[in-house]
Structures are given as C-alpha cells and as structure tokens.
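Student: Questions regarding the structure given below will be posed in turn.
Numbering (my numbering), first residue to last: 4 to 346.
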C-alpha cells in the first residue's frame, strides 16, 4: 500500500506508515516512534513514544572516537561585569570565570574544581553555577572518580529546571560552549544548557558502560538530531540493531547530522549481515561530499571499508582507507586495518 512499509527481522516485525515529512512506526516488541520533518531542509524530529521491551545485551564496545570534552576559550565581556552594587558572590564568580578560562594560562581540570569547591564554601548562592562547572571539568581529564562525576551529573540533571533558571547561570553561561563528542565524527557545538548537560552525562555513562542509564537520559531530553544520533550509536553498542535501524528511518542526506545517521544505519545493517543495504547507506552518506565535514566523510569511508573487508572485497576496502590517509595520516585504526588487509 502507498506509504506503508513492512520490516521483517529475526527478532521482530515492524510496520511504518505516513507521508514524506511524517511517519509513525511500531514493531512487535512494542516500540513506537513518530518522526516528523520538513522535506528538503534536513530539519526533523524523532520521538520515541514507547521503547517496548528490550532484551539485555552486552556492554557497548569502546568508542573509536578520540575526542574529548573541550572548551572554546571564554572571557566574560565587560558588559557582563558585575555592577558597583552587585553582591560579592557575583563579583567572585566573575573573577573565577576570568581566571579559569584565560587564554594564555588555562587552569587544569583539577585546579578549576578545587577553586570552585573553595568558592562554594564561601558563597552558597553560587551552588548551581559552580556545580555545573565542577561536573564539566570532572569529565575533562580530572582525577575525579567516574562514580563521583556521575553523582554530580545526575543531581544536576534531576534539578535541571532550577539549575538553568538560576540568575548567575543565565547571565554568565551564554559564552561557555563545551564541545562534547556524540559519536566519532559529530560533536555538540552549543552553549552549556540543559541539552549539553544531558549529552555530557550520556557520554560519561557510555564510557562507564551504563548504556541503559544513558538511553534513559536521552529519552528525557528534547528530541533533536544529536539526540537521535546518540541514541542510534548507543543502540548499536547494545547490539540492538533493529532499534538503531528504526531510529534512523526515513533519513535523507541534508547535512552532517543526517549523513551521520545514514552512516549509523549502514553500520546496523552490516552487523545484521545485510551488506548491500549497508553499502547503500554509506553511498548516500557520501553523496554530498562538498557540503560535508572531513571528519564525517572519513567515518563513512572507514565504515564502508569495514563492510567491503567482510565481503572479501579487499581492494575496495584498501582504496577507501587510503583515501582517509590522504587527508589524515593519524586517523584511528586505519593503518592497522591496512596492514591486516595487506598481510
């Protein structure tokens, strides 16, 4: 029937129906999703109405991404400088921000956390702003134990409405832009808001192999492209390939985010043994090379090479890997794969 698709997998049967820009999907596990968007713009939204019953799965494998949470150096402008009659707490926060984010001598994560803790003991009204910064630095190469960092992040997430309604957070966090890796080739580039907090916490939970907890946070976040990418990446990590395929359904290559979803869809098809479908996804992801970032194109070539290698097409796999080396000789695992294929 027009607009209706049936998906048969070894673990479930799914059906989706709709028109370009709007589609509803349901499968025999009870998972229900709605995707809406504006065709031709790259803007779309995926909402999971019910995740259904998921079987337990092995922990996610270690990510191939070597990205870290990083900052764009931030110097609070003079327009934000506390006024003559401002409380001392605000003046001290302003001094602290200028201190830890100075361009020429940035504090180490542990130094920034130590200073924030000392400042909190003197000015309790700075709790939320300093808690946000302590959590951010705790996942940025500090000596803070992951369990402690998770506790900090979970508390902030639980109280995020109050945290981001705090006057100091509203005023001073507009220029703080953590870059958080979502998957290899895609990172956030947003201000430190509740969505960014969610992504940082999800990344931490993923590193701790707490995949179900990470997915639970994603389901609580506002649905957008980065959330969908993170969700599909985690579903692949859980080996729930059917779920990843459903999450990335009805995607056209409109921008880096949608191209990455095609790559993740291709990975899911490959892991299910559907190599031809996998190659078609990578082909579509690579179809707009001039408009896509280098990191994303390299990820697509790397994953396609892996598919070719599994199909026994070594020459094509080597060709894709060598294309990556032309631009980036240090791309993770490329040389090792080439050595294995040439052995």
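Cβ atoms here follow ideal geometry from the backbone N, Cα and C, with glycine treated the same way.
#1: Taking 8 Å as the limit between beta carbons, can you name the residues of its chain near residue 121, skipping five residues before and five after?
#2: Under 8 Å, with one C-beta from each stretch per pair, do the segment 219-235 and the segment 167-187 reach the 3-pair mark?
#3: Any idea which residues DSSP pairs residue 233 with across the strands?
#4: Tell me whether residue 96 is buried or exposed, calling it buried when 16 or more other Cβ atoms sit within 10 Å of its Cβ.
#5: Mapping the DSSP letters down to three states, classify residue 254 as helix, strand or coil.
#6: Among 161, 154 and 321, which has the Cα closest to the Cα of residue 223?
#7: Using a Cβ-Cβ cut-off of 6 Å (strictly less than) and excluding sequence neighbours within five positions of residue 228, which residues of its own chain qualify?
#8: Taking the alpha-carbon positions, what's the residue 220 to residue 264 distance?
#9: Output the distance between the C-alpha atoms of residue 338 and residue 308, rounded to the nearest integer angstrom.
#10: Between 174, 262 and 191, which lies nearest to residue 293 when the distance is taken from Cα to Cα?
#11: Using a threshold of 8 Å, state whether the C-beta atoms of residue 323 and residue 300 are closer than that.
#12: Using alpha carbons as the reference points, say which of 289, 134, 91 and 28 lies closest to residue 266.
#13: For residue 205, count neighbouring Cβ atoms within 10 angstroms of its own Cβ and tell me buried if that reaches 16, exposed if not.
#14: Leaving out the 5 sequence neighbours to the left and right, which residues in its chain are closer than 8 Å to residue 193 when beta-carbon positions are compared?
#15: At 3 residues or longer, what runs of the beta strand (DSSP E) sit wholly inside the segment 91-119?
#16: Tell whether a beta-carbon distance below 8 Å holds between residue 116 and residue 137.
#17: Can you grab the Cα-Cα spacing for the pair residue 208 / residue 128, in whole Å?
#18: Distance, Cα to Cα, residue 126 vs residue 92?
Tutor: Reading from the atomic positions:
#1: Here residue 121 is taken as the residue at index 118 of the chain shown, counted from 1. Cβ within range, chain order: n/a, list empty.
#2: yes
#3: The residue labelled residue 233 in the question sits at position 230 within the chain shown. Bridge partners of residue 233: none, in fact.
#4: To locate residue 96, count along the chain shown from 1; it is residue 93. Buried is the call here.
#5: As a first step, residue 254 is located in the chain shown; it is residue number 251 there, counting from the start. Three-state result, residue 254: coil.
#6: The sequence position of residue 223 within the chain shown is 220, counting from 1. For residue 223, the nearest C-alpha among the options comes from 161.
#7: Indexing the chain shown from 1 puts residue 228 at position 225. Closer than 6 Å at Cβ, skipping near neighbours: 260.
#8: The count along the chain shown starts at 1 and reaches residue 220 at position 217. The count along the chain shown starts at 1 and reaches residue 264 at position 261. Residue 220 and residue 264: Cα-Cα distance of roughly 19 Å.
#9: Along the chain shown, one-based indexing puts residue 338 at 335. Along the chain shown, one-based indexing puts residue 308 at 305. Rounded to the nearest whole angstrom, the CA to CA distance from residue 338 to residue 308 is 12 Å.
#10: Residue mapping note: residue 293 aligns to position 290 of the chain shown, counting from 1. The shortest C-alpha separation from residue 293 is found at 262.
#11: Mapped onto the chain shown, residue 323 falls at position 320. Mapped onto the chain shown, residue 300 falls at position 297. Cβ atoms of residue 323 and residue 300: not closer than 8 Å.
#12: For the purposes of this step, residue 266 is taken as the residue at position 263 of the chain shown. Nearest C-alpha to residue 266: 289.
#13: As a position in the chain shown, residue 205 is number 202, starting the count at 1. So residue 205 counts as buried.
#14: Mapped onto the chain shown, residue 193 falls at position 190. 180 and 199, listed in sequence order.
#15: none
#16: Taking the chain shown and counting its residues from 1, one reaches residue 116 at position 113. Taking the chain shown and counting its residues from 1, one reaches residue 137 at position 134. Yes, the Cβ-Cβ distance between residue 116 and residue 137 is below 8 Å.
#17: Walking along the chain shown from the start, residue 208 turns up at place 205. Walking along the chain shown from the start, residue 128 turns up at place 125. Distance between the alpha carbons of residue 208 and residue 128 is about 29 Å.
#18: For the purposes of this step, residue 126 is taken as residue 123 along the chain shown, with counting starting at 1. For the purposes of this step, residue 92 is taken as residue 89 along the chain shown, with counting starting at 1. Cα-Cα distance, rounded: 6 Å.
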